[in-house]
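S.K.:
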Amino acid sequence: HPGVGIDVLWEGERKEEGLEKKQSFIDLGCGNGLLVYLLTMEGHPGVGIDVRRRKIWDKFGPAVHLKEEAVVPSEAILYPHYDWLIGNHSDELTPWLPVMAGRSSYTTRYFSIPCCFHDFDGKYCRSDPSLSQYESYLQYTKTIGEEMGFVVCEDQLRIPSSKKVCQIGMRRTYPPSEEMIIDKKRTEFIQAHCHHSSSVDDKTSSCVGGVEQWAGKFNPRSSVEPVKNCTLVKKDIQGEIVQKLTSFLLKTQNVVQCDRGPWNVGGRITLKEAAKLIDPILLSQLKQEHGGLQTLFRNHHQVFVAREGYVQLRDWSRSEDDDMTSVSRKRPNSSQRHLLHKTTLCWFHTHHPQGCPRTECCYAHGLGDLATRPQFPTSKPKKQIFT
């Protein structure tokens, strides 16, 4: 866990500087608060801040200080009374962490684990095609730290993540007497790398609600996590798309013999061809719902099979498709699957020209055949892990 690496880093710093008092910290974008909990239990006074409160926060107890609030880079958001600023996968705050550390006080340091690719007021765009997006972003965030006046060191944490490089700004490249000169250079660098130009020539770019921001178009994450899995698209719109796709697939005559006689499995088309069949406005709505067509196909897994860039109707005439794993993506364990029998209507019974190919179907053939769906626990019993 990053907390182990940070604690070791700070222990080395205390030995090197001859300090007895443990370092204080602010964890920006603290998420579940576990890092704050670990560092607090090691005796480091600190606070975790996140735009959205997590249920697990209540498990940590009153000794762990966690705050729910949005952090907007500005003169109002400085932390001169804390030794370290931490950004553990802090999303849109990642490029701002060296800026806030540099402007909080001359002695403020920072520890950052860059993850998602954010710039000061938008998405980061790779400038060097010879590097991967991640390598390019690490190079960019290191440059930010150096431009803010830090000697930036990098290390690789032993954590279960593909993005495990940390960047540490412990020392400054200038004496305290040059703070004003360096701060002017900070302003110029920020303005040069903001995607939305500003007409002001000082270090602030706008004033919102009486608070001067360093980037006028900076938008913190919403405190409410949006649901993006196509479930917010209206049912009739989803039905229209499904019907259009299935009608096209069934134009291909691919007849097989099944329990009820001849049954048309239909053809197969590429995802690109499927997208062309849908109205661009409807397709745009799907894309905004995180996943587009492929997410729609997963949500309608009873009807479609999408793999290797192709989509086709699910062939229920084949015996290997007759199991309850296809009934629900959020299925219970194997010993409970039989309880879902006939709890969902069979799409093919109603919409396919030859109906459902099965005489014994795990789905309900009509409302009269529909059973009541049982309620299953949404998660395993919670364990008390903090004392």
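In the working numbering, the protein residues as written are 44 to 430. Positions of the beta carbon are idealized from the N, C-alpha and C atoms, including for glycine.
What distance in whole Å lies between the Cβ atoms of P157 and Q210, which are believed to be in contact at a cut-off of 8 Å?
M.R.: Between P157 and Q210 the Cβ distance is about 7 Å, and since that is below 8 Å, they are a contact.
S.K.: To the nearest angstrom, how far is the alpha carbon of G409 from that of G304?
M.R.: Taking the straight line joining both Cα atoms gives about 20 Å.
S.K.: In terms of residues, what are the limits of the beta strand (DSSP E) holding G212?
M.R.: Its beta strand (DSSP E) spans residues 208-215.
S.K.: So, helix, strand or coil for G409, using DSSP?
M.R.: In this structure, G409 counts as coil in the three-state DSSP scheme.
S.K.: Note the first and the last residue of the continuous beta strand (DSSP E) segment covering G37.
M.R.: Summary: the structure shown does not reach residue 37, with the chain confined to residues 44 through 430, and so no result is reported for it.
S.K.: Do Y406 and T387 have their C-beta atoms closer together than 8 Å?
M.R.: It is a contact, given that the beta carbons lie within the stated cut-off.
S.K.: Let me check understanding here. Comparing Cα to Cα, which of Q345, I280, R350, G46 lies closest to R311?
M.R.: Minimum Cα distance to R311 is reached at R350.
S.K.: Less than 8 Å separating the beta-carbons of L136 and V114?
M.R.: For L136 and V114, yes; Cβs fall inside 8 Å.
S.K.: If I follow the unbroken alpha helix (DSSP H) through T393, where does it start and stop?
M.R.: Residues 390-394.
S.K.: For the putative contact between F163 and C237, defined by C-beta atoms under 8 Å, what is the C-beta separation to the nearest angstrom?
M.R.: Confirmed, about 5 Å.
S.K.: Which two residues bound the contiguous alpha helix (DSSP H) that contains N342?
M.R.: Unbroken alpha helix (DSSP H) run through N342: 335-342.
S.K.: Check whether the Cβ atoms of L293 and P400 lie closer than 8 Å to each other.
M.R.: Not closer than 8 Å, so no.
S.K.: On the three-state DSSP scale, how would you describe W257?
M.R.: Coil, per DSSP.
S.K.: Assign K58 to one of two classes, buried (16 or more other C-beta atoms within 10 Å of its C-beta) or exposed (fewer than that).
M.R.: Exposed, because fewer than 16 other Cβ atoms sit within 10 Å of the Cβ of K58.
S.K.: Inspect the beta-carbon positions of S155 and T184 and report whether they are closer than 8 Å.
M.R.: Cβ atoms of S155 and T184: closer than 8 Å.
S.K.: Spatial neighbours of P417 within its chain, please: CB distance less than 7 Å, with the 5 preceding and 5 following residues excluded, ordered by chain position.
M.R.: Around P417: L382.
S.K.: Using the DSSP secondary-structure output, state which residues sit across from A349 in a beta bridge.
M.R.: BP columns for A349 point to V354.
S.K.: Going straight from the alpha carbon of M143 to that of I120, what length do you get?
M.R.: Roughly 8 Å between the two C-alpha positions.
S.K.: List in chain order: all unbroken beta strand (DSSP E) runs of 3+ residues lying wholly within the region 81-132.
M.R.: The region 81-132 contains these whole beta strand (DSSP E) runs: 89-93, 108-111, 127-131.
S.K.: Who are the near neighbours of D126 in its chain, counting only those whose CB is closer than 6 Å to its CB and skipping five residues on each side?
M.R.: Cβ neighbours of D126 beyond the five flanking positions: Q66, S67.
S.K.: Among residues of its own chain, excluding the 5 on either side of G192, which ones have a beta-carbon nearer than 6 Å to its beta-carbon?
M.R.: Cβ neighbours of G192 beyond the five flanking positions: G145, R215, T216, Y217, I225.
S.K.: Any idea what DSSP makes of P157, helix, strand or coil?
M.R.: If DSSP states are grouped into helix, strand and coil, P157 belongs with coil.
S.K.: Are Y180 and Y167 close, meaning C-beta to C-beta below 8 Å?
M.R.: Cβ atoms of Y180 and Y167: closer than 8 Å.
S.K.: Report buried or exposed for Q440, applying the criterion of at least 16 other Cβ atoms within 10 angstroms of its Cβ.
M.R.: One cannot answer for residue 440 here, as it falls past the ends of the chain, which runs 44 to 430.
S.K.: Once DSSP output is grouped into helix, strand and coil, what is the label at Q199?
M.R.: Three-state result, Q199: strand.
S.K.: Excluding the 5 residues preceding and the 5 following V251 in the sequence, name in chain order all residues of the same chain whose CB lies nearer than 6 Å to its CB.
M.R.: Low confidence applies to V251: its pLDDT is 44, below 50, so where it sits in the model is not reliable, and the reading given next is rough at best. The answer is none, since no qualifying residue turns up.
S.K.: Between the Cα of I324 and those of F347, Q281, T338, spot the shortest distance and give me the residue it belongs to.
M.R.: Out of F347, Q281, T338, Q281 has the C-alpha closest to the C-alpha of I324.
S.K.: May I have the straight-line CA-CA distance separating W257 from E316, to the nearest angstrom?
M.R.: W257 and E316: Cα-Cα distance of roughly 45 Å.
S.K.: Taking a contact to mean a Cβ-Cβ separation below 8 Å, would you say I321 touches K287 in this structure?
M.R.: Cβ atoms of I321 and K287: closer than 8 Å.
S.K.: Could you give the distance in angstroms between the alpha-carbon of L174 and the alpha-carbon of V208?
M.R.: Each residue's alpha carbon lies about 16 Å from the other.
S.K.: Rank P45, E403, I49 by C-alpha distance to the C-alpha of M213 and give the top, closest one.
M.R.: The candidate whose alpha carbon is nearest that of M213 is I49.
S.K.: Compute the minimum distance between the beta carbon of K185 and the heavy atoms of the ligand PLP, and state whether it is under 7 Å.
M.R.: With respect to the ligand PLP, the structure shown offers nothing to examine, as it has no ligands at all.
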